[in-house]
Amino acid sequence: MSQLEVLHSYDLTHRNRHYSDDEFEMEVDSDDYMTETETESTTSTAVLSQFEGTVATTVTSMDDEASMRTPSPEPEPIMQMDEPLRSTLYKSEFGRNLNNYSDIYKLPADEEELDRLERQYEMLNSLTGHKYVPPMMEVLADDGSERQKAVVDLGSGAGNWIEVSRIIDVARDFPHCLAVAIDLTPMKIMYEMTGHRAGDLSQSEIIPPNLRGEVDDVNLGLSHYNGHFDVVHTRLIAIGVKDYCRLVDEISEVLRPGGLIDLTEVGYEAYDKNHEPIQVSKVHDPANPQWQSPYWAHWLSAVNHAAHNGGGETSASRNLEQWLSNHRAFEDVVHREYWLPIIPGDYDRPRAEAEFLQQYRNTLEFDVMTFLRAGRVMLLKNHYKEDYLSRMEQKILDELREAKEPQYSRIECVYARKTRAPPALELDTPQQ
Ligand SMILES: C[S@@+](CC[C@H](N)C(=O)[O-])C[C@H]1O[C@@H](n2cnc3c(N)ncnc32)[C@H](O)[C@@H]1O
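All residue numbers for the sequence shown refer to this note's numbering, where the first residue is 59 and numbers rise by one.
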């Protein structure tokens, strides 16, 4: 007991209110939302049963019942971490800490990675021009209804979107709402409290009372959240998601009618200055790799291949719009794409991009360098040789600093509202 460190504690009396099971019942039959083309295997029940017998992944308390999912979103008052729990949550590979639950998501989950995500946060907000997509204000407005509004961030990472140390976070911007951060590892504040950077702040100063973190794997299904949330947000989690289309379907059930789905993903291929894909060899032979200039494009292609082979849906960003548009539960689908000049290049770029680069060039460089280090773990696991990767990383840094030919990443953001009532099926149409 003496080893235990209290990570996340908030007095139940500080919470705005509690939910009862009844309050979480959907007001419409979510099965009615399935698109005609979807099969039964996409239902949440099927998801759960498919994973029966696998290692459970929800750890929201200190108890040893790691095989039990919490009856979310009933709050867990205390989260404590001792050494056994820490080694349950993390594993060390090639000198980095990775989450210990998902075999699919293979980027590190350590302080260096959290730092990268934290710095990336501002940069991406600037690139997309928003912190919150427009309907968010309306959806989360305090309309005096008895039921507390609720937001969930799937794959919250550093907890940036549901940020715990800034005034500009969801929990603080919408204090009347419940904000839930879900990730394979505890969100940053818990991590900090393990003694790495605890600081002087007391927990009540750090943790807004309406914020909760949960450790969970979205690949195991979300049916325990059905009808719980007004907003579901995810950003940059595709390489940890086995079946993103199914995730979209599950989110449709998690959302309350009129709720907002807000997805942002990046593609794992590089684009030239005309925003055309840079062609690289599709042959990936870790024993005899032949990467050439542009090196970033080759490196990214290798990461794509490794992540895809490991079970992640790296192509999700290209399909988000179609998945939402084809789904009967969603309407008012909005799609936006953004071009991140990973390797800036020297050419007459659009003014907005020039201003962006002026402000974020250093952040971008830091992001690339730390992403190279993060992706290295994945490539080493795929049998690339360390000295080859070191040489290639150096070539990419040269590309970055010489900035001759630009190489872009394409980021896609899609958001939509859940319909208030399912569209009538043809059979339901009254006879004239
Ligand atoms: C690249 S980070 C992005 C973090 C954050 N969304 C952001 O935009 O800064 C991806 C995060 O998604 C989490 N993640 C990946 N696959 C997941 C899964 N199957 N279930 C839950 N979280 C997942 C990872 O643990 C990691 O923290």
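Glycine included, each C-beta is placed from N, C-alpha and C at the ideal position.
query	result
Residues bridged to alanine 239 by DSSP?	Asp211, Gly271
Pull up the CB-CB distance for proline 347 and glutamate 457, whole angstroms please, since I reckon it's below 8 Å.	Proline 347 to glutamate 457, Cβ: 17 Å. No contact.
Nearer than 7 Å: is that true of the beta carbon of tyrosine 163 relative to any heavy atom of ligand 1?	yes
To the nearest angstrom, how far is the alpha carbon of isoleucine 226 from that of tyrosine 179?	Caution is warranted here: a pLDDT of 38 is assigned to isoleucine 226, below 50, making its placement in the model unreliable, and the coordinate value is therefore given only provisionally. Their Cα atoms are separated by approximately 12 Å.
So, are the CB atoms of alanine 365 and methionine 436 less than 8 Å apart?	yes
Please report the distance separating the alpha-carbon of lysine 331 from that of lysine 189.	26 Å
Taking the beta strand (DSSP E) that glycine 433 belongs to, which residues open and close that run?	Glycine 433 -> not in any beta strand (DSSP E); alpha helix (DSSP H) instead, spanning 409-439.
Contact defined as beta carbons within less than 8 Å: I believe tyrosine 326 pairs with leucine 358. What is the distance between those atoms, to the nearest angstrom?	6 Å
If we ignore side chains and look at the alpha-carbon of each, how far apart do aspartate 390 and proline 166 end up?	36 Å
Closer than 8 Å by C-beta to proline 402: which residues in its own chain qualify, once you throw out the five before and the five after it? Chain order, please.	Leu415, Arg419, Leu422, Leu458, Ala461, Pro464
Please list the terminal residues of the continuous alpha helix (DSSP H) segment that includes serine 184.	169-186
Nearest-angstrom Cα distance between glycine 317 and arginine 478?	8 Å
Hey, would you say the C-beta of aspartate 274 is under 7 Å away from at least one heavy atom of ligand 1?	yes
If you compare alpha carbons, which of Glu323, Pro267, Glu272, Val238 is closest to phenylalanine 287?	Val238
Between the Cα of asparagine 377 and those of Cys303, Ala345, Thr186, spot the shortest distance and give me the residue it belongs to.	Cys303
Quick check on valine 290: does DSSP put it in helix, strand or coil?	strand
Provide the residue span of the beta strand (DSSP E) that contains valine 324, from first to last.	313-324
So if DSSP puts alanine 474 in a beta bridge, which residue, or which two residues, is it bridged to?	Ile319
Relative to the C-alpha of asparagine 367, which residue among Tyr163, Lys476, Asn158 is closest?	Tyr163
Tell me whether aspartate 241 counts as near ligand 1, meaning its Cβ is closer than 7 Å to at least one heavy atom of that ligand.	yes
Which same chain residues, not among the five before or five after alanine 296, have their C-beta less than 7 Å away from its C-beta?	Tyr302, Glu323, Gly370, Glu371, Thr372, Ala374, Ser375
Within the same chain, show all residues whose beta-carbon is closer than 6 Å to that of phenylalanine 109, passing over the 5 residues directly before and after it, in chain order.	With a pLDDT of only 22 at phenylalanine 109, under 50, the local geometry of the prediction cannot be trusted, and no value is derived from it.
Any heavy atom of ligand 1 closer than 7 Å to the Cβ of alanine 167?	yes
Going by the C-beta, is leucine 212 closer than 7 Å to any heavy atom of ligand 1?	yes
How do the stretch 306-316 and the stretch 227-235 stand: do at least 3 beta-carbon pairs fall below 8 Å, yes or no?	no
Please determine whether the Cβ atom of asparagine 367 lies at a distance below 7 Å from any heavy atom of ligand 1.	no
Could you compute how far the alpha carbon of phenylalanine 388 sits from the alpha carbon of lysine 476?	5 Å
Please return the same chain residues whose Cβ sits closer than 6 Å to the Cβ of glutamate 379, not counting the five positions on each side in sequence.	His393, Val472
In three-state terms, what does DSSP make of leucine 17?	Summary: the structure shown does not reach residue 17, with the chain confined to residues 59 through 490, and so no result is reported for it.
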